[in-house]
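So the sequence lines, in the order shown, correspond to chains X and E. The letter at position 7 of the first sequence is residue 8 when you use my numbering, and the numbering goes up by one with no holes. The letter at position 269 of the second sequence is residue 373 when you use my numbering, and the numbering goes up by one with no holes. A virtual CB, placed ideally from N, CA and C, is assigned to each residue, including glycine. Let me begin by presenting the structure, written as structure tokens, before commenting on it.
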Amino acid sequence: MKLRLSRRGHETLMGILFLTPWILGFLTFQLFPIVQSFYISFTNFSLVRAPRWIGFFNYAQLLKDTNFWLAIKNTLYMTIVGTPIQLLFAFVCALLLNQKLKGQSFFRTIYILPSIMPSIAAALLWLWIFNPQVGLVNTLLGYIGIDGPTWFLDPIWSKPSLIIMLCWMSGSITIIYLAGLQGVPVELYEAAEIEGANWLQKIIYITVPMVSPVTLFNLITGLIYSFQMFTEPYMVSASVGVSGSGVPELGSPQGSMLFYSIYLFQNMFAFNRIGKAAAMAWILFILILIVTLITLRTSRRWTHYEIR
Amino acid sequence: MVLKGLTDKATIRVSSPVLLRRFFRALLGYGAIGVIGLFFFIPWFWLVSSSLKTADRMFDLPPQWIPNPAQWSNYVTAVTTLPFFLYLKNSLVICSLVVIGRLISCSLVAYSFSQIRWPGRDQVFILVLATMMLPFQVTMIPLYVTFSRLNLIDTIVPLVLPAFFGNAFFIFLLRQFFLTIPHELTEAAMLDGATHFDIFTRIILPLSKPALATVALFSFLWTFTEYLGPLIYLIHEQNWTLTLGLRGYLGQHTAMWSSLLAASVLFTLPIIILFFFMQKTFIEGIATTGLR
Chain X
2 MKLRLSRRGH
12 ETLMGILFLT
22 PWILGFLTFQ
32 LFPIVQSFYI
42 SFTNFSLVRA
52 PRWIGFFNYA
62 QLLKDTNFWL
72 AIKNTLYMTI
82 VGTPIQLLFA
92 FVCALLLNQK
102 LKGQSFFRTI
112 YILPSIMPSI
122 AAALLWLWIF
132 NPQVGLVNTL
142 LGYIGIDGPT
152 WFLDPIWSKP
162 SLIIMLCWMS
172 GSITIIYLAG
182 LQGVPVELYE
192 AAEIEGANWL
202 QKIIYITVPM
212 VSPVTLFNLI
222 TGLIYSFQMF
232 TEPYMVSASV
242 GVSGSGVPEL
252 GSPQGSMLFY
262 SIYLFQNMFA
272 FNRIGKAAAM
282 AWILFILILI
292 VTLITLRTSR
302 RWTHYEIR
Chain E
105 MVLKGLTDKA
115 TIRVSSPVLL
125 RRFFRALLGY
135 GAIGVIGLFF
145 FIPWFWLVSS
155 SLKTADRMFD
165 LPPQWIPNPA
175 QWSNYVTAVT
185 TLPFFLYLKN
195 SLVICSLVVI
205 GRLISCSLVA
215 YSFSQIRWPG
225 RDQVFILVLA
235 TMMLPFQVTM
245 IPLYVTFSRL
255 NLIDTIVPLV
265 LPAFFGNAFF
275 IFLLRQFFLT
285 IPHELTEAAM
295 LDGATHFDIF
305 TRIILPLSKP
315 ALATVALFSF
325 LWTFTEYLGP
335 LIYLIHEQNW
345 TLTLGLRGYL
355 GQHTAMWSSL
365 LAASVLFTLP
375 IIILFFFMQK
385 TFIEGIATTG
395 LR
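Written out as structure tokens, the structure reads:
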């Protein structure tokens with residue numbers, strides 16, 4: 002029997018047919034794992050034992066866990082200090098690259114190239130550059146008579162070193178800013194020039210408000226990224242601290258690089274505390290939601306949208 | 105004088121203070137862009153320079169900027185002490201499967217969201233966008249448990265399979281592109297009796313090459329440089345990707361900085377070549393969608 006469908010019914014059927022990959026993927030790789038990890042977070046679970054319901058025990062344990070709070074503190078440092086520095090730096094770079102100068106495409110390539118370097122290779126390179134004895138940075142500082150710190154080996158300097166490295170790799174933020182800058186109408190600057198504004202006034206009163214939606218986008222993606230950052234600090238700190246047994250001591254020096262994702266990873270794969278790791282993942286999800294919502298809420302005060 | 109000639113030809117009068125100011129502004133512009141440019145450039149120079157040093161020159165003070173003698177054999181050491189080409193092959197196998205999977209699945213789904221009308225379509229699309237907010241840590245744990253129960257740890261399946269079921273970022277990107285394709289084209293084809301599959305393969309896909317190139321490029325880049333996924337799922341050395349290999353090498357040969365950096369150069373080189381060939385796709389991909 003041939004099934005006759007109305008045109009609308011046929012369209013719906015085709016729509017769902019083309020959507021099938023996403024439906025299957027959403028169910029198996031997202032929805033089901035979400036429910037499952039929520040359940041796991043309330044159990045005492047390791048790969049070898051069957052899960053046993055323990056209620057809020059994992060969450061309560063985390064709140065008492067000093068390493069958990071250290072990981073939160075370190076991560077918030079990167080969110081509150083690191084992300085704005087990266088954004089500001091990328092904005093300045095974009096301003097420079099937006100000037101009408103000859104050879105600009107050459108400079109753009111130079112500025113953007115580090116962002117495509119694999120994080121792992123970049124981390125290696127910067128470990129070498131920040132080498133306390135023979136590293137490039139301390140050698141250059143030595144020429145002007147400054148005795149440089151030990152950078153990644155020093156618990157005070159390790160996070161600033163990481164931020165410097167991340168600034169070097171911030172080319173994609175710069176590209177997004179550059180696209181935003183090119184959308185600012187030239188007439189605004191011309192009008193300001195007639196009024197006698199200098200370059201700094203033009204940046205503060207025209208450029209910054211005009212690209213504020215771009216800043217909001219970069220800020221939110223940057224915040225989310227900083228909460229989940231793993232590879233760069235993992236690489237740097239795993240190579241810095243190798244304990245006597247040869248096992249990488251994550252978060253070294255002295256826990257200064259113990260970020261949220263790293264501690265989660267450690268709970269999951271090193272300590273085999275899967276329930277605790279799942280609880281951490283859910284806390285992370287909620288933290289990201291809260292911070293994103295707060296940012297969006299306060300952004301109404303400082304973002305400017307053209308009314309068209 | 106060149107300047108005089110210029111003003112004569114254009115018959116405009118530019119007073120000398122204005123010219124002087126422009127000159128200083130350009131000088132200042134070049135100065136600033138150059139200084140920060142050095143910050144971006146010197147690490148590359150230092151990388152290549154250090155990768156060519158002999159082991160005993162490596163720790164010289166003051167350091168040599170241009171290594172003399174240049175020890176090219178560091179590159180040979182890098183690809184022989186570590187099974188570089190095996191890792192490269194493993195990485196490329198995973199990357200190509202991911203790229204193929206993403207291209208097929210994301211374009212099909214994006215077609216459904218852009219060219220077919222069905223009830224609830226836009227609400228479901230918002231759900232797709234919402235999944236971007238979900239941190240990977242939430243799904244990583246149960247997925248790892250499931251894959252280990254299915255005995256798929258230490259295979260490429262956990263790294264490759266999800267790519268065949270779409271990705272919110274790329275679905276979004278392709279949908280936006282498909283929406284720009286004029287409706288008249290697809291409607292005319294419909295009147296001629298074409299099915300949705302015909303329209304998809306003969307009209308939409310051929311017209312969307314730039315967007316598909318963006319999907320392929322970023323899928324490749326992200327997968328080629330990914331570390332956490334392979335770290336979790338690949339155990340034995342013969343299955344490692346380049347990222348894992350490089351990390352393992354650092355663990356074993358901490359002192360062999362020069363060949364380690366040579367390996368980093370070799371690892372980065374394919375990406376740089378790709379960047380120069382696809383610079384436009386790359387920059388537009390970031391600028392229009394905010395992919396990072």
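When DSSP labels each residue in this structure, what does residue i get in the three-state scheme?
i: TRP435 (chain E); result: The first residue shown for chain E is 105 and the last is 396, placing residue 435 (chain E) beyond what the model contains.
i: TRP54 (chain X); result: strand
i: ASN139 (chain X); result: helix
i: THR216 (chain X); result: helix
i: THR44 (chain X); result: strand
i: LEU110 (chain E); result: At LEU110 (chain E) the pLDDT is 45, less than 50, meaning the model places this residue with poor confidence and gives no usable figure here.
i: THR293 (chain X); result: helix
i: ALA198 (chain X); result: coil
i: ARG301 (chain X); result: helix
i: ILE147 (chain X); result: coil
i: GLN229 (chain X); result: helix
i: ILE257 (chain E); result: coil
i: ASN271 (chain E); result: coil
i: LYS101 (chain X); result: coil
i: SER159 (chain X); result: helix
i: ALA279 (chain X); result: helix
i: GLY245 (chain X); result: Note that GLY245 (chain X) has pLDDT 42, beneath the 50 cutoff, so the model's placement of it is unreliable and the number below is only indicative. Three-state result, GLY245 (chain X): coil.
i: ARG109 (chain X); result: helix
i: PRO286 (chain E); result: coil
i: PHE380 (chain E); result: helix
i: ALA124 (chain X); result: helix
Using the beta-carbon of each residue, which ones in chain E are nearer than 7 Å to residue i?
i: GLY26 (chain X); result: PRO266, PHE269, GLY270
i: SER213 (chain X); result: By Cβ distance, chain E contributes nothing, its closest Cβ being about 15 Å from SER213 (chain X), past 7 Å.
Run through chain X and tell me which residues come within less than 8 Å of residue i, C-beta to C-beta.
i: GLY133 (chain E); result: LEU97, GLN100, LEU102
i: TRP361 (chain E); result: TRP129
i: VAL261 (chain E); result: The premise fails here: VAL261 (chain E) is roughly 12 Å from chain X at the closest Cβ pair, so nothing lies under 8 Å.
For a contact meaning CB atoms closer than 8 Å, what does residue i contact in chain E?
i: MET118 (chain X); result: THR372, ILE375
i: ALA282 (chain X); result: PRO239, GLN241, VAL242, MET244, ILE245
What residues from chain E crowd round residue i, counting only those whose CB sits closer than 9 Å?
i: GLN229 (chain X); result: PRO239, PHE240, GLN241
i: PHE153 (chain X); result: Neighbours of PHE153 (chain X) on chain E: none; closest Cβ ~13 Å, over 9 Å.
i: GLN202 (chain X); result: Chain E residues near GLN202 (chain X): none, gap ~15 Å exceeds 9 Å.
Could you give the distance in angstroms between the alpha-carbon of residue i and the alpha-carbon of residue j?
i: PHE240 (chain E); j: GLY333 (chain E); result: 10 Å
i: TRP169 (chain E); j: TRP150 (chain E); result: 8 Å
i: ILE220 (chain E); j: PRO187 (chain E); result: 49 Å
i: THR259 (chain E); j: GLN31 (chain X); result: 21 Å
i: TYR178 (chain X); j: PHE108 (chain X); result: 15 Å
i: ILE17 (chain X); j: ILE208 (chain E); result: 16 Å
i: THR184 (chain E); j: ILE140 (chain E); result: 37 Å
i: LEU137 (chain X); j: ILE303 (chain E); result: 58 Å
i: TRP222 (chain E); j: TYR215 (chain E); result: 12 Å
i: THR13 (chain X); j: THR21 (chain X); result: 12 Å
i: ASP226 (chain E); j: PHE217 (chain E); result: 8 Å
i: GLY109 (chain E); j: SER363 (chain E); result: Any reading at GLY109 (chain E) must be qualified, since the residue scores a pLDDT of 43, below 50, and its modelled position is unreliable; the value itself is stated next. So the two alpha carbons sit approximately 56 Å from each other.
i: ARG129 (chain E); j: GLU388 (chain E); result: 29 Å
i: PHE19 (chain X); j: PRO314 (chain E); result: 21 Å
i: LEU192 (chain E); j: LEU346 (chain E); result: 6 Å
i: GLY124 (chain E); j: ASN75 (chain X); result: Residue 124 (chain E) is actually Leu in this sequence, not Gly. Those two C-alpha atoms are separated by around 50 Å.
i: ARG53 (chain X); j: GLY10 (chain X); result: 47 Å
i: ALA317 (chain E); j: PHE276 (chain E); result: 15 Å
What residues from chain X crowd round residue i, counting only those whose CB sits closer than 9 Å?
i: ARG221 (chain E); result: ARG9, GLU12, THR13, GLY16
What do you reckon, is the C-beta of residue i under 7 Å from a heavy atom of the ligand ATP?
i: SER213 (chain X); result: By its list of ligands, the structure shown contains no ligand whatsoever, and the ligand ATP lies outside what it can speak to.
Could you tell me which chain X residues have their CB closer than 7 Å to the CB of residue i, listed as they occur along the chain?
i: TRP150 (chain E); result: ILE130, LEU137
i: SER154 (chain E); result: TRP129
Segment contact, 8 Å Cβ cut-off, at least three pairs: the region 130-137 of chain E with the region 84-104 of chain X: Taking 8 Å as the limit for Cβ pairs, the verdict is that the region 84-104 of chain X does touch the region 130-137 of chain E.
Are three or more beta carbon pairs between the region 261-269 of chain X and the region 32-41 of chain X nearer than 8 Å? The region 261-269 of chain X, when compared against the region 32-41 of chain X, does not touch it at the 8 Å Cβ threshold.
Are three or more beta carbon pairs between the region 168-187 of chain X and the region 199-211 of chain X nearer than 8 Å? Yes: the two stretches touch, three or more of their Cβ pairs being nearer than 8 Å.
Counting Cβ pairs closer than 8 Å, one from the region 218-238 of chain X and one from the region 123-139 of chain X, do we hit at least three? Contact between the region 218-238 of chain X and the region 123-139 of chain X is established, with three or more Cβ pairs separated by less than 8 Å.
Quick one: complete alpha helix (DSSP H) runs, 4+ long, within the region 193-239 of chain E? Correct list: 225-234.
Examine the Cβ distances between the region 327-347 of chain E and the region 141-160 of chain E and report whether three or more of them are shorter than 8 Å. Three or more Cβ pairs closer than 8 Å define a contact, and the region 327-347 of chain E falls short of that threshold against the region 141-160 of chain E.
Spell out a yes or no on whether the region 316-324 of chain E and the region 188-208 of chain E are touching, meaning 3 or more CB-CB pairs, one atom from each, closer than 8 Å. In short, these stretches touch, since the Cβ pair count reaches three.
Is it a yes or a no for the region 295-307 of chain X touching the region 54-73 of chain X, going by three-plus beta-carbon pairs under 8 Å? Contact fails: fewer than three Cβ-Cβ distances are below 8 Å.
Does the count of Cβ pairs from the region 288-297 of chain X and the region 100-118 of chain X closer than 8 Å reach three? By the Cβ rule, the region 288-297 of chain X does not count as touching the region 100-118 of chain X, because fewer than three pairs are nearer than 8 Å.
Check whether the region 249-264 of chain X touches the region 221-230 of chain X, counting contact only when three or more Cβ pairs, one atom from each stretch, lie closer than 8 Å. Counting Cβ pairs under 8 Å, three or more are found: they touch.
So does the region 110-120 of chain X actually touch the region 162-173 of chain X, counting three or more Cβ pairs closer than 8 Å? Touching, yes.
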